[in-house]
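These notes are about the structure you will find just below.
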Amino acid sequence: MAALLQRQFVLLSIITAVLFVLSGLMALGGNRSVFSSSTVQQATAHISSLALLSLMSKEVPALEETVQPRTGQETDSFTSFAFGMLTGINPGDLRSLLGRELPGLLTFDDARLVVAGKGTGLDDLYVESPAPPRTVIDASPAGDVPAPSPEETETDAEGKTAAERPASPPPNPTTAGKKVVFVYNTHNRESWLSVAKMNPATGGVDHETKNISLVGKRFAEALEERGIGAEYGTKDFYSMASFPLAYAESLKAVKAAAQEHRELRYFIDIHRDGKPRSKTTVTINGKAYARVFFVIGLRNKNYEKNTQFAHELHELIEKKYPGLSRGVTEKSAKEGNGEYNQSFSPGSLLVEIGGIENTLQECYNTAEALADVFAEYYWQAERVSGEMADKPDKR
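First residue of the sequence shown: 1136, per our numbering; consecutive thereafter.
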């Protein structure tokens, strides 16, 4: 017993000494720190809930009865966590090691696939398009049963009463003129090789008029056709600011739209990816579609709700248009914006539609399909919301 206590004391002393050393190292650089918050965030992302609860159970014995991890799981997770904290390398992801020697991999070092669509892998992770040359252009409550009305007792030419005649189909639901979706294009000049040439200086494919904004407009129109009030933002953000500030400018448009239409709940930013046709095209029932890819910024405060929103849309797409979705990816501020205006609302999304080798018609087909899926999602959400509102308060 004494030997056991002695060993525990020595171990505690070593841990305390290590903590003092680490604290000293972090203080040496003044404003500079050895472990940045992003490093800690990345490292802690790889420790599982079970592993964390297992560690907590050492101090809270009651937890030990409820935590039953698989053999070796907590050890492996904690080892990975400690190793990642000390080295910045994730043992389960070679990108974190190779990216320091192969700079191209750093593009994907701080992004991950949340939901992988068919054929989607690490090489499909979202990379923002390069900036184009800047040119300015014009951008019946319960009770007594009432007596039947005359219409119900009168018969038609076939001798049938109104109650006996087939019921007419219910009218399609609408938002009654209320705008609930705002559609815009932060990188509104993103275009396709079928209508524009690649700029060798930037590697981008852009056009002043024949671009992704046409797809955004078609998506908004398709939502309106399905009874969902949608507002489309027409501003040319490329001509208003330098490329890194495009999201700051589009956020102004989002805020202005929300101010004008108080019922707005969803904000969809539509882009075009730079991947080849083999990655961004699918044929469904003989029709070619540009595939969609949902991008969530990890820096935004609503990222969990945004991710759930995207995940639900992905699942609906897979049921109605199998293979159309490339999945859902999360992206931090290390590579790209990391925010994408998504802090503004839990109903915000960045949606990639197609790539540089798709055609405008294929993107139009996808805009219609996406509107079809979104309409199903929206009316289901409204129905659930209405049912919840109708439930009596049990307090």
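Glycine included, every Cβ here is placed at the ideal spot set by N, Cα and C.
Which word fits residue i, buried or exposed, when buried means at least 16 other C-beta atoms lie within 10 angstroms of its C-beta?
i: V1519; result: exposed
i: A1445; result: buried
i: E1439; result: exposed
i: F1144; result: exposed
i: A1311; result: exposed
i: E1398; result: exposed
i: R1142; result: exposed
i: S1158; result: exposed
i: S1483; result: buried
i: A1138; result: exposed
i: T1321; result: buried
i: G1338; result: exposed
i: A1388; result: buried
i: S1413; result: exposed
Leaving aside the five residues before and after residue i along the sequence, list all residues of the same chain whose C-beta is less than 7 Å from its C-beta, in chain order.
i: H1396; result: K1314, E1366
i: S1171; result: Legend: pLDDT at S1171 = 47, less than 50; position of this residue unreliable, no value from coordinates given.
i: E1453; result: S1460
i: D1273; result: Any reading at D1273 needs caution, since the residue's pLDDT is 37, under 50, leaving its predicted position unreliable; the model's value is listed next. Answer for D1273: no residue qualifies.
i: A1506; result: F1354, A1357, L1358, R1361
i: W1514; result: P1308
Note down, in chain order, each residue of its chain lying with its Cβ closer than 6 Å to the Cβ of residue i, except the 5 sequence neighbours on either side.
i: S1480; result: F1402
i: K1352; result: Y1367
i: D1211; result: Caution applies to D1211, whose pLDDT of 46 falls short of 50 and renders its modelled position unreliable; the value that the coordinates give is listed next. Closer than 6 Å at the Cβ level, and outside the excluded window around D1211, lies no residue.
i: K1253; result: G1458
Tell me which same chain residues have a C-beta within less than 8 Å of the C-beta of residue i, skipping the five on either side of it?
i: V1153; result: none
i: E1474; result: Y1382, G1432, R1434, N1435, A1468
i: N1420; result: none
i: Y1424; result: T1416, V1417, T1418, Y1456, L1459, E1497, N1500, T1501, A1504
i: L1146; result: none
i: R1400; result: V1315, V1316, S1480, G1482
Taking 8 Å as the threshold (C-beta atoms), are residue j and residue i in contact?
i: L1495; j: L1328; result: no
i: L1485; j: V1417; result: no
i: Y1499; j: D1404; result: no
i: S1385; j: N1476; result: yes
i: L1448; j: F1509; result: yes
Looking at the unbroken alpha helix (DSSP H) that takes in residue i, where does it start and where does it end?
i: I1452; result: 1438 to 1455
i: S1385; result: 1381 to 1395
i: E1360; result: 1348 to 1360
i: S1618; result: Given a span of 1136 to 1530 for the chain in the structure shown, any question on residue 1618 remains unanswerable.
Taking residue i as part of the beta strand (DSSP E), name the residues at either end of that continuous run.
i: R1461; result: 1460 to 1466
i: A1423; result: 1422 to 1425
i: F1372; result: Run containing F1372: none; DSSP gives neither H nor E here.
i: K1314; result: 1314 to 1319
i: I1488; result: 1483 to 1488
If you measure from the CB of residue i, is any heavy atom of the ligand MN nearer than 7 Å?
i: K1414; result: This structure does not include the ligand MN; it has no bound ligands of any sort.
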